[in-house]
Amino acid sequence: MSKRFLIILLVCVLGLIGIYAVTSKKDQDKSSKATPSNNLYGSNSKNVTLIEYGDFQCPACGSYYPIIKQLKEKYADDIQFQFRNFPLSQIHPNARFASRAAQAAANQNKFWEMHDLLYEQQDTWSGMGDPSAVFQSYASRLELDIEKYKADIANSQTNEVINADYAEGVKSGVDSTPVFFLQGKKLDTNPQTLDDFSKLIDEAIKETNQ
15 MSKRFLIILL
25 VCVLGLIGIY
35 AVTSKKDQDK
45 SSKATPSNNL
55 YGSNSKNVTL
65 IEYGDFQCPA
75 CGSYYPIIKQ
85 LKEKYADDIQ
95 FQFRNFPLSQ
105 IHPNARFASR
115 AAQAAANQNK
125 FWEMHDLLYE
135 QQDTWSGMGD
145 PSAVFQSYAS
155 RLELDIEKYK
165 ADIANSQTNE
175 VINADYAEGV
185 KSGVDSTPVF
195 FLQGKKLDTN
205 PQTLDDFSKL
215 IDEAIKETNQ
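In short: position in the sequence shown from 1, add 14, done, that's our numbering.
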């Protein structure tokens with residue numbers, strides 16, 4: 015192999031490394047400008063927060079949904095509940111699309127209504143190749159402005175919000191769903207019943223009031 019060929023090869027490799035570095039930096043800068051979702055429910059007057067990182071297609075999240083719904087209703091005046099999107103797209107191909115539908119509904123102040131429909135009807139759409147028509151029917155059921163919904167679900171900003179949620183989760187150690195954070199602390203083991211969850215929340219409220 016000639017010396018001239020080695021020099022040309024080295025220049026090409028260095029050039030590719032430089033291009034990769036610049037591209038990666040641009041991607042990081044773009045991601046850093048994205049703002050996470052603001053899907054809040056309840057009161058923050060007591061300064062107690064419960065955050066769920068969830069995947070709308072995740073069966074485990076679907077199983078937890080009835081418990082979370084009851085918690086939201088029970089503690090609406092005592093805590094602030096927040097849902098953050100964490101679609102596990104490699105194993106749940108419709109999860110990101112569902113998150114986009116939910117965030118599009120959020121733009122019309124109907125996030126929680128869409129959130130509930132997606133989990134309640136999870137068995138209907140989770141196995142579909144293309145659930146877009148079903149999601150749009152949910153939007154119609156919620157009396158959303160359909161043209162705005164269609165524009166928002168296709169908007170790149172909607173995807174960036176989901177990416178920002180996902181990035182926050184990864185940074186916090188989330189690698190599965192559902193994962194819960196109570197008062198900023200990750201629960202190592204998810205409570206299995208409403209009573210178990212209520213005990214943890216009651217303790218957090220008590221500590222805050224001391």
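In this text, a Cβ means the ideal position worked out from N, Cα and C, and glycines have one as well.
Reducing DSSP to helix, strand and coil, say where Asn173 ends up.
Correct three-state label for Asn173: helix.
Quick one: what's Tyr67 bridged to in DSSP?
For Tyr67, which the question treats as bridged, DSSP gives the partners Arg98 and Val193.
Could you name each continuous alpha helix (DSSP H) segment of 4 residues or more that falls completely within the region 74-154, going from the start of the chain to the end?
109-120, 125-134 and 136-139
Would you mind reading off the limits of the alpha helix (DSSP H) that contains Leu214?
Per DSSP, the continuous alpha helix (DSSP H) segment holding Leu214 begins and ends at Leu208 to Asn223.
Spell out the partners DSSP gives Leu54 in its beta bridges.
Gln96
Is the beta carbon of Ile93 closer than 8 Å to that of Ile215?
yes
Pop quiz: Asn53 and Arg114 are said to be a contact at Cβ under 8 Å. What is the actual Cβ separation, rounded to whole angstroms?
With a Cβ gap of about 13 Å, Asn53 and Arg114 do not count as contacting.
Got a sec, what are the start and stop residues for the alpha helix (DSSP H) Asp166 sits in?
Ile160 to Ala168
Give the straight-line distance between the Cα atoms of Asn123 and Leu156, rounded to the nearest whole angstrom.
11 Å
Taking Phe100 and Gly141 to be in contact with their CB atoms under 8 Å, please state how far apart those CB atoms are, rounded to whole angstroms.
In fact, because the Cβ distance is near 20 Å, the residues do not count as touching under 8 Å.
Would you kindly check if the distance between the Cβ of Tyr79 and the Cβ of Tyr133 is under 8 Å?
Against a cut-off of 8 Å, the Cβ pair of Tyr79 and Tyr133 comes out as a contact.
Use the C-beta contact count for Val25: other C-beta atoms within 10 angstroms, 16 or more gives buried, fewer gives exposed.
Since pLDDT at Val25 reaches only 39, below the 50 mark, its modelled position is unreliable, and no value is offered.
Should Pro73 go down as buried or exposed, given a rule of 16 or more other Cβ atoms within 10 Å for buried?
exposed
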